[in-house]
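Since the structure comes first, as structure tokens, the remarks are kept for the end.
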Ligand code: AMP
Ligand code: ZN
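In the numbering used here, the protein residues as written are 1 to 492.
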């Protein structure tokens, strides 16, 4: 399986450090507000990547931090007259809630910066002792980029070029403009912890590095984030690890493309800024997921409501196909004879799996994976239309299972969507009234009613046919005429 490694600018064959196991880390959010759909795109991409690695049989250990101490959190707390801890607690819970709604698997390990102060201080101390970091009179501690001959290795930047191109940050205490804070001396009203360098708090670049070392051990197999994190965040992370422990932080660096809204960068000032919460309040999570997975994770993703509406239709097409296949399987004549059409359909089902795996093995090409799934939807719909009276149970069930399994690998849970149609008990009375049904099963009653309606229509007895349909509609159900006959389903 091939994965694109940012550090080497190319796809490489993936070989885990320990056979059969993958240790991966994805930088988490700074918890000062609801996350936006750009953040969500990055987290969703790594959820898909993690699920596919699991599908391939790897035992995956996945860690993701919460940055719960940061300037943005402190500013928000000051604006609202609350403590920084209160703001961080509210938005950590909000983040986890939205991740659950979006169907993203919980990490195995979710460290929080404020609970990892000791691990960070140990790393900073080591960097000072080894000559890679220095304390300044104000109580800040900086990483010295000049002390690291390999600085720039991840992003491919050269320090001299960087210095020439950047405005120098006004800070007399830094030895180099690209030196970054490992520890920030406490300012009045800010959260702080005691340290050998005085009260203060950790710098952002420090937390992931210390947490990875503590919880996963370095190097890890995969380190990920949005492409905006390559420089300076990930460059600084890898620099600290190389200097502290004399080895790489990660073997493979993976970065997602940025989400844009109708071609523009998403930003509050342009008014095209959407939180994940507001989108999930209005649209099914699986439709948002399909929309995002239709674009390769490294490419920029253009979000628009038109595309989102399209994805709602795409999801419906998939769930309807699975429902129709299950319904057809249940109602197929059980003669067990496989026709030419059945055999061709069976071969297409097997080919779908291969096509899906080939696409996904190529740097998690989820767009290709979805194309394989929707290819099978087209084939299945055609089979149901063409096979008519000779529909066979086995290929229908196999196709439905295949669609559910492969969609599930991408995190789209069709089993949930297709099992949701619990039929109401009132159908029994309706069937008793219109067709003399004497049993107690709603699904049996549904079949009796549909048969009675079909018989009435065949006899051009429109009054009875309409009365049955109206009774069904009044129960919040719709009669759906599919290629393989009529069925009931709950109204959307
Ligand atoms: P932050 O809370 O700003 O550190 O962001 C959390 C994650 O979201 C990081 O991995 C960022 O790279 C990622 N991210 C931020 N903006 C976008 C965007 N517009 N599209 C995709 N990913 C993003
Ligand atoms: Zn990080």
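Cβ coordinates follow ideal geometry from the N, Cα and C atoms, glycine included.
Under the criterion of beta carbons closer than 8 Å, residue 40 and residue 276 qualify as touching, at roughly 4 Å. The set of residues whose C-beta lies within less than 6 Å of a heavy atom of the ligand ZN reads, in chain order, 27, 208, 233, 237. In chain order, 5 place their CB closer than 6 Å to the CB of residue 12, counting only its own chain and leaving out the 5 sequence neighbours on each side. Residue 48 and residue 119 have their alpha carbons spaced roughly 30 Å apart.
By the C-beta density criterion, residue 44 is buried, having at least 16 other C-beta atoms within 10 angstroms. Residue range 340 to 361 is occupied by the alpha helix (DSSP H) that includes residue 357. Cα atoms of residue 226 and residue 486: separation of roughly 47 Å, rounded to the nearest angstrom.
Between the ligand AMP and residue 289, a heavy atom-to-CB distance of less than 7 Å is absent.
In the structure shown, residue 95 falls within a helical segment according to DSSP collapsed to helix, strand and coil. Just measuring C-alpha positions, the residue of 85, 67, 346 sitting nearest residue 190 is 85. Taking 8 Å as the cut-off, the Cβ atoms of residue 410 and residue 403 do not count as close. Boundaries of the alpha helix (DSSP H) harbouring residue 206: 204 to 215, taken from the DSSP string.
A distance filter of 6 Å between CB atoms and the heavy atoms of the ligand AMP selects the following residues in sequence order: 27, 29, 30, 38, 39, 41, 42, 225, 226, 228, 229, 256, 258, 259, 266. With 16 or more other Cβ atoms inside 10 Å of its own Cβ, residue 14 counts as buried.
Comparing alpha-carbon positions, the option among 126, 186, 116, 81 lying closest to residue 67 turns out to be 116.
The C-beta distance from residue 380 to residue 325 rounds to 6 Å, short enough to fall under 8 Å.
Taking residue 36 as the centre and dropping the five residues before and after it, the same chain places the C-beta of 266, 273, 274, 275, 276 closer than 7 Å to its C-beta, in chain order. Restricting attention to 99, 323, 294, 321, the CA atom closest to the CA of residue 310 is found in 294. C-alpha of residue 431 to C-alpha of residue 437: approximately 5 Å in a straight line. At a Cβ-Cβ threshold of 8 Å, residue 253 and residue 234 count as neighbours. Excluding the 5 residues flanking it on each side, residue 128 has same chain C-beta neighbours closer than 8 Å at 134, 135, 141, in chain order.
Counting C-beta pairs with one atom in each stretch, the region 337 to 347 and the region 391 to 398 have three or more that are closer than 8 Å, which means they touch. At a Cβ-Cβ threshold of 8 Å, residue 98 and residue 259 do not count as neighbours. For the set 113, 178, 323, the Cα lying nearest the Cα of residue 144 is the one of 178. Secondary-structure assignment with DSSP links residue 12 through a beta bridge to 3.
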